[in-house]
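Here's the structure we're looking at; comments come further down.
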Amino acid sequence: MVAHPQTRVVVTGMGAVTPLGFDFQTSWQRIVAGESAAAPVTLFDVAGCRCKRAASAQLPGLPDLTPKQLSRLSRAARLALPAAREALAQAGLLDEAGRSKFAWLPLSVSTTGGGMAWGEKFLRAMLAQQDNAGLYPYIVRYQAHHQIHDLQRHLGFRGPITIIANACASGANAIGHGADLIRAGAHDCVLAGGFEALTELIYVGFDCLQTMSPERCCPFDLGRNGLMLGEAAAFAVLESESHARARGAHMLCELAGYGHTTDLHHLTQPDPCGAPAVRAMREALARAQCDASEISYVNAHGTGTLLNDASECAAFATVFGNGDSAQPDSPIPKSIRISSTKAAIGHTLGAAGSIEALFVIAALRSGHLPPNLNVRRPEPRVATNLVAVGESHPEMNAVLSMNLGFGGSNAALVFKRYEENVGHASRLSVVAPNRHEARSTLTIVGLGAVLPSETPQRMKGLSVASGEHTVFCVDQTREPLAKLQNEMRVRRASPITLFMLGAAQQAMAAEPTLRPDRLGIVAAFNTGVVVPTRRFFEGILKNGQRFASPNVFPETVFNSATSHVAAILGVGGPCYSLVSDDAAWVGALRVAEVWLANQLVEYALVIGATELDPISIDAYAVGGWLPPHGRTGFVPSEGAAALLLQKSNVQQGVRIAQMAGGFTYRARAEVRQAAQDCFAHFPADIAVCHTAQHSWLGEIEREMMKGTPAAFPYHGEAFTASAAWNTVHAAELARNQRREILLPVWGLNGESSALLLAGG
Amino acid sequence: MADISLDELKKLVVENCILRVQPGEILEDTPLFGPKGVGLDSLDALQLTVAIEKHYGIVINDAEVARQVMQSLGTLRRWLAQQPPPGAKQ
């Protein structure tokens, strides 16, 4: 991968579904007019909650889908699909049948809940001891990558998927990462965005944290008392300037800069001075070669909570005031207009950063500004900056969107008016996006693994019908995990955090002098923090919404475990939590490669991790993977592994020499073709590791095997953790035998990918 | 309401705040919050308000009241003892 840091990234298409409209233009016109979608929640029962209001979206019709196809789409997918289609249409990338003109189109996407409403339905059924019949689609399709597979299938394309679950900032991360992919030279065109559907689990979670306003959300008002949740989907088509120009696309603006940092202050509270937010904004401005004084409009995160808005005001004063964090009360020039749009459409979590990015683009292009609603007594530090209804600013050249999230994830995006010939170098023109760039440049500096005990245990599902089965569990009473549990920061954390920390510390031991400010962390999850998620929802069902646990809910957020690891290691730079099936592991390695190629970090710590819970047993039993139906010896398992990576400049040491992924499949009949497409990217004469002997994919893998295959110890099936263990085993084999080894990474739920490891 | 034993309150705090200490390590006047005490944070404070409402039926709606009564097990115990039983006329 060869980075092109001077590549200009342009936006050529936008699409959105929000509580204020089925499409972006309708939403924009209504938000500029000062409308709000705040209304009583009717999607689910909120009788036991302190708050009863949210901003719900009307689902657009999808007349080209059959009723059966529609029934298979979760609410999240019903939001995402029309938004993505609208973005492709505006970019001129839809054919007459409403399908993508590019058959290969990378996706950089964000969500926090995915199709969680269907996960809730499954959990509710298991706890109620309901019949298993008919439940399989819910447990399969609640996961985030299934909404993405829905989107790919109905829009007719395939390609690598990066699903970032960095809580409330992840919508900005998804768009920023899309630009990073282009600047790293990995792709020329990326569909980027986020989606979020309202669900009971998340609503009750915010309610129990008492961060929602019982009356009305009023960001940056002195009387603010909480946020309002919302739901939305928003997508943008990002292209290199040369690619867009070569195909004659209309360029809406330039995505000029992206900055992301991690706030280590607290899992749910921002640094009161806003220092990490300052670093994110300054990084975005620096990459955009833009002075803070050039910014005309800022779309603030502005949730309407006491702590968020106070921290953000301090950060704005530092960046746009006199630039001194020691004087957070320095005045912000009145010419910088600021608004939060969350009083209008709510906090849409995984979609927030994406829809707000689209709002700043629309402001930049139209000169109209979205107002900050419900302000009576403005926060003094931004009192003269808050946008009123009807305000316009026709001379804008640069705008900024800021997001802060649970787990301390901060992201800032800077967009500029698109101007030709501004002195940037341009790349050679191409019309079709790169089908795939398989060569890789990653050197493995350190390895670590937390494996389950070799002594099998027995675990029951929540439902009696799921039975009791053999599992491999990590022994948490052994060092180093036992000692790690004494860390105050992780006392509430899910076991997966300990697994990740144990593996990370082993990998980091290879570079004992490594400073955390030179490091970024990418974690790859499938089911992720399933233990607290089950515990939290089970608590709601048993004790009632009123008594939901504020101590458990933050741990249900996908990036909580990654944030704990970052806090313990002191990493305040970029941290991503990716979700998908096992293929998320390859996605995480791709993120590391992009960060290293773009010189955002010097080292990347990539972690794959899984934890087991009784609900996992229910899921595998309903899926038919366990006895008596499962006939492959599949054993549920848990653990983690980590790689410490550097960009390789020489062909020495143990390396990930090639990667290929994005070969998605939906039905079993498509798997063989997906695997063949994937393996075609690698030399034909290299030994293929046998990793899928205990799943239904083993037969296809055997067909692919040539030469003397390498088989690894079987530690059970732990998805991204298994993929990570196998990579550790393959790396050790490649190093000891000084040969190349091809490692398949089978996504059991829909994606075929592979790694080529080289030693010597 | 009726007096609540110190041991009962210790158990409530340790279980709800997921502390890895023996209940005996927390004394009646040990600060619950801050680095010089047990080290609880704002999430624990919320968790304790939920637990107190669930166990004793007493609602703490005011954040400032919560801060005052949760300084230590002693302050919490004395405040609970002063509260009218749930359902009693104020």
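These protein sequence lines map, in sequence, to chains C and E.
Each residue of the first sequence is one higher than the one before, counting from 0 in numbering that gives the first Met the number 0.
Each residue of the second sequence is one higher than the one before, counting from 0 in numbering that gives the first Met the number 0.
Every residue gets a Cβ at the ideal spot worked out from N, C-alpha and C, and that includes glycine.
| query | result |
| --- | --- |
| Identify which residue in C:S752, C:S647, C:F557 has its Cα closest to the Cα of W164 (chain C). | It is Ala, not Trp, that sits at residue 164 (chain C) in the sequence shown. That would be C:F557, whose Cα lies nearest to the Cα of A164 (chain C). |
| List, in chain order, every chain C residue whose beta-carbon is nearer than 9 angstroms to that of L11 (chain E). | Within 9 angstroms Cβ-Cβ: nothing; L11 (chain E) doesn't reach chain C, min ~13 angstroms. |
| Going along chain C in order, which residues have a C-beta closer than 8 angstroms to the C-beta of D43 (chain E)? | N550 |
| In its own chain, which residues sit with a C-beta less than 7 angstroms from the C-beta of E554 (chain C), not counting the 5 before and 5 after it? | R491, A492, S493, V528, P531 |
| Counting only Cβ pairs nearer than 8 angstroms, list the residues of chain C close to G23 (chain E). | Here the premise fails: no neighbours, minimum Cβ distance about 18 angstroms. |
| Return the chain-ordered list of same chain residues with a C-beta closer than 7 angstroms to the C-beta of P39 (chain C), the five sequence neighbours on each side being excluded. | K51, R52 |
| Taking only beta-carbon positions, decide if Q67 (chain E) is within less than 8 angstroms of chain C. | no |
| Verify whether the separation of the beta carbon atoms of N485 (chain C) and P275 (chain C) is less than 8 angstroms. | no |
| Rounding to the nearest angstrom, what Cα-Cα distance links P682 (chain C) and S721 (chain C) in this structure? | 24 angstroms |
| Closer than 8 angstroms by beta-carbon distance: list the chain E residues that pair up with F546 (chain C), in chain order. | V49, E52, K53 |
| Quick one, which of C:A620, C:A351, C:A342 has its alpha-carbon nearest V463 (chain C)'s? | C:A620 |
| Do you know how far the Cα of G366 (chain C) is from the Cα of R416 (chain C)? | 11 angstroms |
| Check the Cβ of N485 (chain C) against every Cβ in chain E and list those closer than 7 angstroms, keeping chain order. | R19 |
| Along chain E, which residues have their Cβ under 7 angstroms away from the Cβ of T267 (chain C)? | L42 |
| Could you name the residues that DSSP lists as bridge partners for S239 (chain C)? | C:V8 |
| So what's F121 (chain C) in DSSP terms, helix, strand or just coil? | helix |
| Hey, would you say V277 (chain C) sits closer than 8 angstroms to M401 (chain C), going by beta carbons? | no |
| Can you check whether the CB of A757 (chain C) is closer than 8 angstroms to the CB of R589 (chain C)? | no |
| On the DSSP bridge list, what partners appear for E253 (chain C)? | C:V9, C:K415 |
| Is it the case that the Cβ atoms of L604 (chain C) and T442 (chain C) are separated by a distance below 8 angstroms? | no |
| Counting pairs of Cβ atoms below 8 angstroms between the region 573 to 580 of chain C and the region 738 to 755 of chain C, do you hit three or more? | yes |
| Please return the same chain residues whose Cβ sits closer than 6 angstroms to the Cβ of P159 (chain C), not counting the five positions on each side in sequence. | P105, G660, G661 |
| Name the chain C residues whose beta carbon is nearer than 8 angstroms to that of E81 (chain E)? | A quick correction: the sequence has Gln, not Glu, at residue 81 (chain E). Simply none; closest approach about 23 angstroms. |
| Could you run through the region 220 to 238 of chain C and flag, in chain order, every residue whose CB is less than 9 angstroms away from some CB of chain E? | none |
| Using CA coordinates, which residue listed in C:V10, C:W103, C:A343, C:I520 is at the minimum distance from E592 (chain C)? | C:I520 |
| Would you give the residue range spanned by the beta strand (DSSP E) that T663 (chain C) belongs to? | 654 to 663 |
| Quick check: what's the CA-CA separation for A243 (chain C) versus D179 (chain C)? | 16 angstroms |
| May I have the straight-line CA-CA distance separating M507 (chain C) from A166 (chain C), to the nearest angstrom? | 26 angstroms |
| I need the DSSP call for G23 (chain E), collapsed to helix, strand or coil. | helix |
| At the level of alpha carbons, what is the spacing between L625 (chain C) and T198 (chain C)? | 30 angstroms |
| Identify every residue that forms a DSSP beta bridge with Q456 (chain C). | C:V470 |
| Which residue marks the beginning of the beta strand (DSSP E) containing P743 (chain C), and which one marks its end? | 739 to 746 |
| What is the residue span of the alpha helix (DSSP H) that L11 (chain E) lies within? | 5 to 15 |
| Name the residue from C:E698, C:R488, C:A710, C:D676 whose alpha carbon lies nearest to the alpha carbon of H689 (chain C). | C:A710 |
| If you measure between the beta carbons of V381 (chain C) and P369 (chain C), is that distance less than 8 angstroms? | no |
| Evaluate P613 (chain C) with the Cβ neighbour count: other Cβ atoms within 10 Å of its Cβ, from every protein chain shown; 16 or more gives buried, anything less gives exposed. | buried |
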